Amino acid sequence: DQQVKQNSPSLSVQEGRISILNCDYTNSMFDYFLWYKKYPAEGPTFLISISSIKDKNEDGRFTVFLNKSAKHLSLHIVPSQPGDSAVYFCAASNANAGKSTFGDGTTLTVKP
Amino acid sequence: DAGVIQSPRHEVTEMGQEVTLRCKPISGHDYLFWYRQTMMRGLELLIYFNNNVPIDDSGMPEDRFSAKMPNASFSTLKIQPSEPRDSAVYFCASSLLRGQPQHFGDGTRLSIL
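If you're matching them up, the sequences are chains X and F in order.
For the first sequence, this note's numbering assigns the number 5 to the initial residue and increments by one for each residue that follows.
For the second sequence, this note's numbering assigns the number 4 to the initial residue and increments by one for each residue that follows.
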């Protein structure tokens with residue numbers, strides 16, 4: 005049973021446009037959500053997070069939205085840049101658990 | 004600041020050999036995680052430690068896999084004997100506190116022939 009799902013394996017957008025990456029979860033105990041970015045031959049790097057007490061968190065061009073009733077979160081990148089081309093992982097955790105559960109990732113390609 | 008350091012970056016070995024992957028977490032981080040990434044299974048957690056103590060090893064595939072953390076600055080993941088299906092990229096990560104963002108190493112690409 006996959007508790008964190010990223011249903012789109014890939015996404016392609018034009019430079020300057022908005023990129024929207026989606027993530028769904030099934031475990032209602034999750035209360036902290038994270039996005040990581042991964043370039044080839046490197047480890048994932050933390051990008052942005054959101055606590056379940058919020059529905060939005062913004063950091064520069066990156067905004068994460070959380071819809072608890074739908075058990076859905078999304079990452080918006082505006083404007084998208086070619087350097088944003090990478091694999092994006094959604095992850096979820098619980099305050100009482102030390103570990104995070106990761107989705108399978110979405111490969112974003114931003115075309116110049 | 005030095006990040007999480009993994010060695011070796013690449014390992015190619017023959018089936019049946021023992022493989023040892025190494026990890027140095029970020030100083031002061033209390034949590035250490037071992038992950039495996041494959042095309043079929045994505046990024047899966049194998050085991051994690053808190054203050055050098057294994058907390059959850061439910062992701063370890065089988066008895067051929069073992070992990071240790073003898074001190075706060077070093078951890079190993081061993082596979083003995085190795086099999087071709089163990090070929091994957093293995094990541095180590097550490098975090099300061101429970102549930103907080105993890106800092107990943109650049110991984111070890113393991114190929115078992």
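Note that the Cβ used here is the ideal one computed from N, Cα and C, for glycine as well.
Just so it is clear, the structure is predicted and the values come from calculations on it, not from any experiment.
Practice task
Identify the contact partners of R101(F) in chain X, using a Cβ-Cβ distance below 7 Å as the criterion.
Solution key: On the second sequence, position 98 is the one that residue 101(F) refers to. Taking the beta carbon of R101(F) as reference, the chain X residues within 7 Å of it are G102, listed in sequence order.
Exercise for the section: Leaving out five residues on either side along the sequence, give the residues of the same chain with a beta carbon under 7 Å from the beta carbon of T23(F). Expected result: The sequence position of residue 23(F) within the second sequence is 20, counting from 1. Closer than 7 Å at Cβ, skipping near neighbours: T79 and K81.
Practice task
Please state whether DSSP places R88(F) in a helix, a strand or coil.
Solution key: If you number the second sequence from 1, residue 88(F) lands on position 85. Note: R88(F) maps to helix in three-state DSSP.
Handout entry: Inter-stretch contact at 8 Å, needing at least 3 Cβ pairs: the segment 27-36 of chain F / the segment 52-60 of chain F
Key = Yes: the two stretches touch, three or more of their Cβ pairs being nearer than 8 Å.
Handout entry: Residues bridged to F50(X) (per DSSP)
Key = Translated into positions along the first sequence, residue 50(X) becomes position 46. The secondary-structure analysis by DSSP pairs F50(X) across a beta bridge with Y40(X).
Problem - Chain-order list of residues whose beta-carbon lies under 6 Å from that of A96(X) (same chain, five-residue window excluded) - result: Along the first sequence, one-based indexing puts residue 96(X) at 92. V8, Y29, F34, F37 and T105.
Practice task
Measure from the C-beta of N98(X) to each C-beta in chain F and report whether the shortest distance is under 8 Å.
Solution key: Translated into the one-based positions of the first sequence, residue 98(X) becomes position 94. N98(X) counts as touching chain F.
Exercise for the section: Please classify P57(F): does DSSP put it in a helix, a strand, or coil? Expected result: Stepping through the second sequence from its first residue, residue 57(F) is reached at position 54. Secondary structure of P57(F) (DSSP, three-state): strand.
Exercise for the section: Using three-state DSSP, classify G87(X) as helix, strand or coil. Expected result: Taking the first sequence and counting its residues from 1, one reaches residue 87(X) at position 83. G87(X) falls in the helix class under three-state DSSP.
Practice task
Answer with yes or no whether the minimum CB distance from G64(X) to chain F is below 8 Å.
Solution key: Locating residue 64(X) in the first sequence gives position 60, where the first residue counts as 1. With 8 Å as the cut-off, G64(X) does not count as an interface residue toward chain F.
Exercise for the section: Express the C-alpha separation of A91(F) and E65(F) in angstroms, rounding to a whole number. Expected result: Locating residue 65(F) in the second sequence gives position 62, where the first residue counts as 1. Locating residue 91(F) in the second sequence gives position 88, where the first residue counts as 1. Approximately 15 Å between the Cα atoms of the pair.
Practice task
Could you give the DSSP three-state label for A11(X): helix, strand or coil?
Solution key: Numbered from its first residue, the first sequence carries residue 11(X) at position 7. Residue 11(X) is actually Asn in this sequence, not Ala. When secondary structure is reduced to three states using DSSP, N11(X) falls in the coil class, being assigned neither helix nor strand.
Exercise for the section: Note down the Cα distance separating I54(X) from M72(F), rounded to an integer number of angstroms. Expected result: As a working mapping, residue 54(X) is identified with position 50 in the first sequence. As a working mapping, residue 72(F) is identified with position 69 in the second sequence. So the two alpha carbons sit approximately 31 Å from each other.
Exercise for the section: Can you give me the Cβ contacts of K42(X) inside the same chain, cut-off strictly under 8 Å, excluding the 5 residues immediately before and after it? Expected result: As a working mapping, residue 42(X) is identified with position 38 in the first sequence. Sequence-distant Cβ neighbours of K42(X) in its own chain, meaning closer than 8 Å and more than five residues away, are P48, T49, A90, V91, Y92, F93 and G109.
Practice task
Consult DSSP for E47(F) and reduce its assignment to one of helix, strand or coil.
Solution key: For the purposes of this step, residue 47(F) is identified with residue 44 of the second sequence, where counting begins at 1. In the three-state reduction of the DSSP assignment, E47(F) falls in the strand class.
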